[in-house]
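Residue numbers (the working numbering): 72 to 1042. Every residue, glycine too, gets a C-beta built ideally from N, C-alpha and C. Following: one structure in structure tokens, then a few remarks.
Laid out in structure tokens, this is it:
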């Protein structure tokens, strides 16, 4: 079906259509020409024009005339289909346009057309059925009571030229699409409840028909398949499971017929999966043996490689187990049959073959194991003990099955897989990993011991060589648990760390898992540093292998982060190996950045003189390269190299934090404040930054108009400022000067973001206030010029500017006392920014005003500008609430209103009255009475911010004409 949108048909038509859609141009002839153009014109632009015109035609008043003509038997199926689609569109979306006295006529016409097409085109028949279904939903239960029973009666009546089988199939098609149309219909919420209730009562007319068709031995397969599809869609309406027993039995019987198998599976699964069906425990208990009887068919399907059959039977077993495990667990006298169902699902989990190449079924079962465990663990303690006796062994078996399924195929077979299959297998293993982690909650430390024993036997059994796949899977199991569970108290980890060096690593996948396992144990290694010497050499060796890039670098980073105070003896070696792989460019950019972060963590724990020595050797090659690049004429390749080097420095400085070491040694936990640093001399990062500052300045001067290079430069200083905090002090003056020059030449958002960081940390310090003040005034002045020239092209700059102004007001409001700061201009820029379409910019601007308004009393320039121009701000806020801004931003505008009410109440009282007196403002949909109520509600709330937000949300719905609608409720 075409959705409506506006355009016209191309000039290539004999009768060009260029006029309004309510004209005579939407004729049968023109529609047919447009459809021919849509289907057969090779020119894609003509096709698009035809489709847009047809979308308009479909919703036009003339559609009522041409749709019936298009259904004429002498038309081709594409034209008939469009006619039927137009009918459905008119009925489903423009129901209110149809007079009540025409309902019966429309109904009769649709019945006649469905009878005519019962032996015709299937797609047209389906569309007509959907149209009649939509009519039924719009008229049930008042205007058309007993709609479904009437449908059944009309189609069962003898007569006409249509044979009984075609009539039966048409009726089943109609009954099938009725619940589907209900699920997708746009009925208001109150009507949905009414119609759902009416449909529930109509099941009494559908059930006997389906029972007759499914249980009759001579019913043709197509009729039975359609009857099963009909059962499937009605099941979604929460038809009582107890009332479907006979039909489900027929569904199980149909599973033996290949023609009916798929339809039977859908019907059974849909019926079982309805939330309401757990109330019918007796019926569920009858279903268990029927599912268990499918085991032989399942085994045969698996042996014959019939993946579709095994998949379908598994879906049925899992649906019953997953949706009703608690209800079935509670039937203690039937525990053996439920255990048999659990074992059947276990068989599906362990189905032979490698996912997703030789089997696609096992993944369906994983959620069941979560559900069953949750249900068992939710019982009271006494019951839980009983269930655990039965199911703990099942879950130990599950671990073995999952680890077997997680095994890689042979190298030869794996090489033949497509990249998509490899990715699906990777995701499947992640799902298995999550399941194992979850199962640990039930099995506890015994699970780790179990895995360790198996791994130990594998690695110490010299007589029987083991496949690397088996070893890898067991390690993968360990890694899955250790990544998220605190294994510090496990007594098997020392043994595992001891076993790892014994693993013969001759394969990339195995090596990857060894790395990730070591990484998962980084916290444990921090508590047991003596074991570092066992595993660190393996990690450093893997660092030189590009195939192990992600696993080796991420593992080294974890070790350097968690164990940094135990790494000084290994520091020289780690730095040397890291330098070597960086120079050889073994790793991709993102891994190089991780590696630099790892080295930052490592160096943080060393004495200052050693940090400086290592930094010198580490950074010098890059500084030399950067010097060379700075002399070259700018081009795309040296730009990438510059950004890469700046990124490396930036990531190194992100984690190189010696203040953390001092805090931890002194036992401090509070965030750093200005203190006299205990180390002698400046921070090592500052030393390096001061050495390379001139070089960075040179690079910047050549690349000032490239936002990516500017961002990379700003990132170095921003990350350094965030990490070093007050230790960055020696750099404040020169960085402020460079930032000012940079922003004055070519303003960019990244420079404003860095300025905001500087204001945040240094604006309150007397020693640094002068350069920060000068920088703040300069970037404000430059940005005001941008506003004068037209800021719409720079929403990122406006966003960052508003954040900077808000930060200044928060950290150092004295900045707004400066004679060099045009507070009025900043205020007006804020009002303009409130009207931007970009949500982040509007949020930052609202934040600016909520920081500005509380200073009306203590900062005279602010008080003056609010007194003189506050009404303009209020008008902008009311416009936004009236519908000019997204509803998602209403909380932010409410905060501005709340702040105005709190800090300039008397002014707001006058402004609100004046503003809301304007007719049609802030929306033509609100009455004077509603505006008056809103005004009084706002002015009353000077304490409860939450209440103001609710008032604004309510008022904006009224302004937008959405109050009381289903759309508003769902938002």
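Between residue 787 and residue 720, the beta carbon gap of about 5 Å places them in contact (Cβ cut-off 8 Å). DSSP, reduced to helix, strand and coil, places residue 215 outside both helices and strands of the structure shown, so it counts as coil. Look at the beta carbons and you see the stretch 266-273 touching the stretch 306-325: at least three pairs across the two are nearer than 8 Å. With respect to the 8 Å criterion, residue 522 and residue 542 are not classified as neighbours on the basis of their beta carbons. Residue 883 sits in coil when the DSSP states are folded into three classes, being neither helix nor strand. In the structure shown, the three-state DSSP call for residue 786 is helix. Per DSSP, the unbroken alpha helix (DSSP H) holding residue 108 starts and ends at 99-111. Counted as a single uninterrupted DSSP element, the alpha helix (DSSP H) harbouring residue 444 occupies residues 437-448.
For residue 393, the CB contacts under 7 Å within the same chain, skipping 5 residues up- and downstream, are 438, 439, 442 in chain order.
Here the alpha carbons of residue 887 and residue 1010 stand approximately 28 Å from one another. The DSSP assignment places 292-306, 316-325, 332-344, 352-363 as complete runs of the alpha helix (DSSP H) inside the stretch 282-366, in order along the chain (cut-off: 4 residues). Residue environment analysis places residue 755 among the buried positions, since at least 16 neighbouring C-beta atoms fall within 10 angstroms of its C-beta. With a threshold of 16 other beta carbon atoms within 10 Å, residue 219 meets it and is buried.
Non-local C-beta neighbours of residue 563 in its own chain, meaning closer than 7 Å and more than five positions away in sequence, comprise 519, 520, 523, ordered along the chain. Residue 952 sits in a helix when the DSSP states are folded into three classes. Taking the CA atoms as reference points, residue 458 sits about 41 Å from residue 630. Apart from the 5 residues on each side of it in sequence, residue 845 sits with its Cβ closer than 8 Å to the Cβ of 807, 811 in its chain, given in chain order. Counting only runs of 3+ residues, no beta strand (DSSP E) is found wholly inside the stretch 506-548. Per the C-alpha coordinates, the member of 106, 324, 508 positioned closest to residue 551 is 508. For residue 676, no alpha helix (DSSP H) encloses it, and the DSSP letter there is neither H nor E. Remark: C-beta atoms of residue 875 and residue 830 approach each other more closely than 8 Å. Closest option to residue 906, judged by alpha-carbon separation, among 547, 944, 893: 944. Taking a C-beta distance under 8 Å as the contact criterion, residue 818 and residue 854 qualify as a contact pair. Residue nearest to residue 580 within the set 841, 480, 675, 663 is 480 (criterion: CA-CA distance).
The beta carbon of residue 137 is closer than 6 Å to those of 99, 102 in its chain, skipping five residues each way along the sequence. Here residue 203 is not near residue 226, since their CB atoms are 8 Å or more apart.
Separation of residue 404 and residue 356 (C-alpha to C-alpha, rounded to the nearest whole angstrom) is 11 Å. Between the beta-carbon of residue 614 and that of residue 604 there is about 17 Å, and that puts the pair past the 8 Å contact cut. The alpha carbon of residue 958 has as its nearest neighbour, out of 1014, 861, 1032, the alpha carbon of 1032.
Just measuring C-alpha positions, the residue of 280, 261, 259 sitting nearest residue 247 is 280.
Where residue 387 is concerned, the enclosing alpha helix (DSSP H) starts and stops at 378-400.
Between residue 966 and residue 916, the C-beta spacing is not below 8 Å. 335 is the residue among 352, 335, 782 whose C-alpha sits nearest the C-alpha of residue 382.
The three-state reading of DSSP puts residue 975 in coil, since its state is none of H, G, I, E or B. Under the 8 Å Cβ criterion, the stretch 495-504 counts as touching the stretch 422-438, having at least three qualifying pairs. Across the set 298, 351, 327, the C-alpha of 298 shows the shortest separation from the C-alpha of residue 338.
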